[in-house]
Structures are given as structure tokens and as C-alpha cells.
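Quick mapping for you: the protein sequence lines, in order, are chains A and B.
All the letters of the first sequence, read from the start, carry residue numbers 605 to 714 under the numbering used here.
All the letters of the second sequence, read from the start, carry residue numbers 605 to 714 under the numbering used here.
2 protein chains.
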Amino acid sequence: MVVNTPEPPYTAVIFTSVRTPEETGYDEATAQMVALAAEQPGFLGMESARAALGITVSYWENDEAARAWKRVAEHAVIQRRGRAEWYAAYQVRVATVTREYGHESGPGRR
Amino acid sequence: MVVNTPEPPYTAVIFTSVRTPEETGYDEATAQMVALAAEQPGFLGMESARAALGITVSYWENDEAARAWKRVAEHAVIQRRGRAEWYAAYQVRVATVTREYGHESGPGRR
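Below you can see the structure in the form of C-alpha cells.
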């Protein structure tokens, strides 16, 4: 679902990735990282989609919350395993959301 | 593929959407909007993925390029059709990318 973020400014971390064919442990690790992120201070929500490319955007109250999450994530063993096994390439972009607008014609946003 | 963006700062427009079941004309309209975006000044690239949620991130040289794209897109008939037919909900977030880092272990990034 579309995350119901607060009034900008807040921080978006855009994680774009290309997977390897290796599936072992991936879904479990992803669920663990999502649960870990949700426990962090300043976490606002996360959106995720995957086709040939995967895109996950996590939202944070501010830049410091996003930096703190990076430090937590780097210590997670599963992130190192991800680099070695599951991702052929990835790029992480940290951005300050300055404005937003949307549309809702029915259920879907929360 | 992961877009090969320049050194920050640059602008990211994060478009998150929930589709309706209506498929008629959607793929063609999407291809048209992608082609139209690619013609605009300051366009740096676009990444897209869809599962239950769709996420498309377009990258722009600066905020003014992103604003100009919004004006162009609003005049596209297909955007109004999109709101009426294809999207149950969407959210557009405009953000300034302040830092990025990545990893590449093989083909995939360009």
C-alpha cells in the first residue's frame, strides 16, 4: 500500500536492485530487514515492488534517522550476505522529500 | 536497469501507485509517458517496478527540470485518463538526492 507520509520535509531512501538468480534465504532475509527497519526510531513506512528491477523506498522522519538505519543495517549479517549472494547490483539514494501530491479514488492508501 | 545518475545533488520524483483492474490502453500509455519524459530537458533516467504496488522513480538534473516535467505531464491527455481509469491511488513525492552509494558485481548497471 502507499505509505501515508507526513508533511514534507522528510527523508526517502531509494534502494534499487538487480537480483542474482540465487533465491535461497532471500525472502526470509527481506522479511527480517523489513521488520528491523520498522523497529528503528524515525521510521515512517516502506514501499516495495519488483519486476526485472526491484525498488524499495523507505521513509524516515529526517536524515539522522536514515543515517542511523544505515548503521544498523550494515551490522546485519544478512546485508553482507545480500551483497554476496542476492544482488548483482544495487544503488542506494538518500533524498529529502520537499513536496508531494496524490490522488485516491478508493481503497489503497493508508 | 539501475540508472547511472551523476553526483548528487539531483532530483528524484517517486511515483507510487495502486492500479485498478482496468488494463485497456495502460501499457501503451505508459510507454508514451516514458518516451515523453525522456525527451524533456534535464531528464537523467527512470527506474520502474510493479508488484501489488507500482513504483517508478524518475531522475532529473534539478528541481526546475522536475517541475517542468510535471507541467508537461499534466497536459498529456493520458495522465487524466490514468487518474480516471488506471489508478485507484497514487502518490508523487519530489525529493532532492543528497548522497548515494552502490555495489555492482556484474552486468546490470548502466
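Glycine included, every Cβ here is placed at the ideal spot set by N, Cα and C.
Whole angstroms are fine: how far does the CA of residue j sit from the CA of residue i?
i, j, result
"L648/A", "Y614/B", "23 Å"
"A656/A", "T660/B", "13 Å"
"E611/A", "T702/A", "9 Å"
"V606/A", "A688/A", "31 Å"
"A692/B", "A693/A", "32 Å"
"T564/A", "R654/A", "Not covered by the structure: residue 564/A. The range shown for chain A is 605 to 714."
"E627/A", "R684/A", "15 Å"
"V696/B", "P645/B", "20 Å"
"A677/A", "H679/B", "42 Å"
"R713/A", "T609/A", "Because R713/A sits at a pLDDT of 46, beneath the cut-off of 50, its placement in the model cannot be relied upon, and the point is left open."
"A670/A", "G629/B", "39 Å"
"S709/B", "W673/B", "34 Å"
"V638/B", "W664/B", "13 Å"
"S662/A", "E668/B", "25 Å"
"L640/A", "H707/B", "22 Å"
"G658/A", "W690/A", "12 Å"
"G686/B", "N666/A", "32 Å"
Buried or exposed for residue i, please, with buried defined as at least 16 other CB atoms from any protein chain shown within 10 angstroms of its CB.
i, result
"R675/A", "exposed"
"V622/B", "buried"
"V698/A", "buried"
"Y705/B", "exposed"
"A616/A", "buried"
"A642/B", "exposed"
"I618/A", "buried"
If the cut is a Cβ gap below 8 Å, which residues of chain B does residue i touch?
i, result
"R654/A", "A653, A655"
Taking residue i as the query, report the chain A residues whose CB atoms sit under 9 Å from its CB, ordered along the chain.
i, result
"Q554/B", "A question about residue 554/B goes unanswered here, because the residues of chain B that appear run from 605 up to 714."
"V717/B", "The requested residue 717/B is not part of the displayed model; chain B covers only 605 to 714."
"H679/B", "Correct list: empty, because the minimum Cβ distance to chain A is about 16 Å."
What residues of chain B sit near residue i, judged by a beta carbon separation below 7 Å?
i, result
"R697/A", "A616, V701, E704"
Determine the chain A residues that contact residue i at a beta-carbon separation under 8 Å, and present them in chain order.
i, result
"M650/B", "None at all; the shortest Cβ gap to chain A is about 10 Å."
Using a cut-off of 7 Å between C-beta atoms, extract the partners of residue i located in chain A.
i, result
"G658/B", "A653"
"T620/B", "V606, E651"
Would you mind giving the Cβ-Cβ distance between residue i and residue j, rounded to the nearest angstrom? I have them listed as a contact below 8 Å.
i, j, result
"T700/A", "T700/B", "5 Å"
How about the stretch 629-646 of chain B and the stretch 644-658 of chain A: do they share at least three Cβ pairs that are nearer than 8 Å? no
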